[in-house]
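Visitor: I have a structure here, written as structure tokens, and I will follow up with some questions on it.
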């Protein structure tokens, strides 16, 4: 399976701080925002990833994460000059996807919770169909809403409905089989001129091939595309890291634990940032910090 991070859009809900910067380059506490969706794909054992963004920002992403070889990954880039909708990612990424299945994650979404990795690993090995997630919120009107029965069979999907049929919304993480490319090509633009992800999911629903995974109580999901979302996510990451001493969405650590890089490489990456807490954490994970402190 391959992965796509959609890091496009104008970020207008965050103006003026995104007036001259891609939203996904903003910090969520101690890391660039894009580290969080990248880490989700890495936890899914996906090491070939396409990053889609506006052409004027792609150079910044290349400066940040390059071609991914330092993480044992292969990163590619594609420009989306106009915001043509989330489903456009599969048309832009057709050559990259090839004959593989694909996971799409939005560049401004943060996920954290127990048993999440086991869910990701199960879904990254899926053969057919599509899987969305369901997350309970108190005010679902601002999101895509999913309705399902007592057996977790999806009944309907609606985009920002005035009268939601449930309190479960669909966060920005999706798993699809290879037919997603042709389905995306067959979509008609919505009244706002975009290829809607809800329409794409409905195409799978009509074929009885759309499945849902529920993210239960205690699971954290943040849409960081607003001021409050940005601040809430940063506060959450700070609190969890300070309390546990373990970092959230640290690509270098994940690459090491996946076996994609060795301990010496992790230590070298840590030394690049050794004047920061982030760098010291990498050195600790690599075991180098303890060795240096020994008599």
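In the UniProt record's numbering, the protein residues as written are 1 to 295. For each residue, glycine too, the CB sits at the ideal point set by N, CA and C.
Using only the alpha-carbon positions, how far apart do residue 297 and residue 250 sit?
Guide: The question about residue 297 has no answer, for the chain in this structure spans 1 to 295.
Visitor: Could you give the distance in angstroms between the alpha-carbon of residue 30 and the alpha-carbon of residue 278?
Guide: In the chain shown, the residue the question calls residue 30 occupies position 30. In the chain shown, the residue the question calls residue 278 occupies position 278. Distance between the alpha carbons of residue 30 and residue 278: 8 Å.
Visitor: Would you kindly report the start and end of the unbroken beta strand (DSSP E) that includes residue 109?
Guide: Taking the first residue of the chain shown as position 1, residue 109 is located at position 109. Unbroken beta strand (DSSP E) run through residue 109: 109 to 112.
Visitor: Quick check: the segment 162 to 181 against the segment 64 to 77, are at least 3 beta-carbon pairs closer than 8 Å?
Guide: No: fewer than three Cβ pairs fall under 8 Å.
Visitor: Assign residue 80 to buried or exposed, taking buried as 16 or more other Cβ atoms, counted over all protein chains shown, within 10 Å of its Cβ.
Guide: Position 80 of the chain shown, counting from 1, holds the residue named residue 80. The residue is buried, with at least 16 neighbouring Cβ atoms inside 10 Å.
Visitor: Looking only at C-alpha atoms, which of 220, 216, 156 sits nearest to residue 208?
Guide: Here residue 208 refers to the residue found at position 208 of the chain shown. Of the listed residues, the one whose Cα sits closest to residue 208 is 156.
Visitor: Determine the direct distance from the alpha carbon of residue 271 to that of residue 96, and round the result to whole angstroms.
Guide: On the chain shown, position 96 is the one that residue 96 refers to. On the chain shown, position 271 is the one that residue 271 refers to. Between residue 96 and residue 271, the C-alpha separation is close to 33 Å.
Visitor: Considering only DSSP beta bridges, list what residue 77 is partnered with.
Guide: Translated into the one-based positions of the chain shown, residue 77 becomes position 77. Bridge partners of residue 77: 51.
Visitor: Considering residue 222, what are the terminal residues of the beta strand (DSSP E) in which it resides?
Guide: Here residue 222 is taken as the residue at index 222 of the chain shown, counted from 1. Its beta strand (DSSP E) spans residues 220 to 223.
Visitor: What whole-angstrom Cβ distance do residue 37 and residue 106 have, given they're in contact under 8 Å?
Guide: The residue you call residue 37 lines up with position 37 of the chain shown. The residue you call residue 106 lines up with position 106 of the chain shown. 7 Å between Cβ atoms; contact.
Visitor: If contact is defined by three or more beta carbon pairs under 8 Å, each pair taking one atom from either stretch, is the segment 3 to 11 in contact with the segment 35 to 54?
Guide: Enough Cβ pairs lie closer than 8 Å, so yes.
Visitor: Does residue 157 come out as helix, strand or coil in the three-state DSSP assignment?
Guide: Along the chain shown, read from residue 1 onward, the residue named residue 157 stands at position 157. Here residue 157 sits in strand by DSSP.
Visitor: Are residue 184 and residue 90 close, meaning C-beta to C-beta below 8 Å?
Guide: As a working mapping, residue 184 is identified with position 184 in the chain shown. As a working mapping, residue 90 is identified with position 90 in the chain shown. A contact, by the Cβ cut-off of 8 Å.
Visitor: How about residue 78 and residue 93: are their beta carbons less than 8 Å apart?
Guide: On the chain shown, residue 78 is found 78 positions in, with the first residue counted as 1. On the chain shown, residue 93 is found 93 positions in, with the first residue counted as 1. It is a contact, given that the beta carbons lie within the stated cut-off.
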